[in-house]
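Read the structure below first, then the notes.
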Amino acid sequence: TRPSSTKAPSERPCVMSAGGPSDGSAPLATSTSSLPLAALNVRVRRRLSLFLNVRTQVAADWTVLAEEMGFEYLEIRQFEARPDPTGSLLDAWQGRPGASVGRLLELLTTLGRDDILVELGPSIGKVPERFDAFICYCPSDIQFVQEMIRQLEQTEYRLKLCVSDRDVLPGTCVWSIASELIEKRCRRMVVVVSDDYLQSKECDFQTKFALSLSPGAHQKRLIPIKYKSMKKEFPSILRFITVCDYTNPCTQSWFWTRLAKALSLP
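Residue numbers for the sequence shown, in full-length UniProt numbering: 1 to 266.
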């Protein structure tokens, strides 16, 4: 049985805007409400768990939320055996059709959890973080990516890079979240080209997806980097774009400056 809501029947549901709770006159921003649940950051998920993992008779908990999300009894019992049932519930739900940030807010409103909406609404409903560049790379090239982070984020350039191993939650669909990031939250994409890159289906998808977004402005959106010698041929789809060549000793001293300027262009 669902616990009764603490709201009076005459009250209007709390609708969240990008800035926080409102009187119902300002709906959640469309760009935010349509975000996939995978975009919800770790801090917000942990806070949701603190609110919903507690079983009480006066407020709807994670089990009621699971029912509203369409999970069956046996599935809910499986979540119950996990150390963080709310976290497991969110991980499972985000793979289902219609799982979005806006839908989560609607469900919390339906359950009468105004306490969560007031506390976490501004964090959940705010415009998501944006980046100067999405970094397309293979795991074997992570050391060069870490050097890129040091040179571009932790220096006077202060750029914001989206690095999947650092910025994307585990358990998310790599294809859908990469598409969301490349298209809507990253201004450009840096492609770390290597022999291993040529064998990666994930890198191939990301590169072709980025190229498809701006067929008339490839040079502006994509920046290929060659940071070590290659045994295989350079990918044909990137040959027409100017390459940042880290292997050239004559230009290595100003490599990071050139890359930072390219990423800072309007």
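We put the CB at the ideal spot given by N, CA and C, even for glycine.
If you look at I237, you'll find it isn't in any beta strand (DSSP E); DSSP assigns it neither H nor E.
With respect to the 8 Å criterion, L161 and D132 are classified as neighbours on the basis of their beta carbons. Annotated three-state conformation of I241 is coil, per DSSP. Distance from the CA of T56 to the CA of T86, rounded to the nearest whole angstrom, comes to 15 Å. Counting only runs that start and end inside the region 90-133, the alpha helix (DSSP H) elements of at least 4 residues fall at 101-110, 114-125. In this structure, V193 lies away from I237, with their beta-carbon atoms at least 8 Å apart. Residue range 201-213 is occupied by the alpha helix (DSSP H) that includes C203, with no beta strand (DSSP E) assigned at that position. In the three-state scheme derived from DSSP, where H, G and I count as helix and E and B as strand, V64 is classed as helix.
Counting C-beta atoms within 10 angstroms of its own C-beta, F234 has fewer than 16 neighbours from the protein chains shown and is therefore classed as exposed. Residue L90 holds the alpha-carbon nearest to the alpha-carbon of M69 among L90, V58, F51, A81. In the DSSP assignment, P36 is bridged to S100. Taking a C-beta distance under 8 Å as the contact criterion, D61 and D141 do not qualify as a contact pair. By the C-beta density criterion, V118 is exposed, having fewer than 16 other C-beta atoms within 10 angstroms. Exposed is the label assigned to W254, since fewer than 16 other Cβ atoms lie within 10 Å of its Cβ.
For W175, the number of other beta carbons within 10 angstroms of its own is below 16, and it is reported as exposed.
With fewer than 16 neighbouring CB atoms inside 10 Å of its own CB, G98 falls in the exposed class. P83 is the residue among V58, Q151, P83 whose C-alpha sits nearest the C-alpha of S49. For A260, the closest alpha carbon among the candidates L74, R45, L211, R188 is that of R188.
When DSSP states are grouped into helix, strand and coil, P266 belongs to the coil group. Rounded to whole angstroms, the separation of the alpha carbons of S264 and R221 is 12 Å. Going by beta carbons, S100 and L181 fall outside the 8 Å limit. Between the alpha carbons of E202 and R96 lies a distance of about 21 Å.
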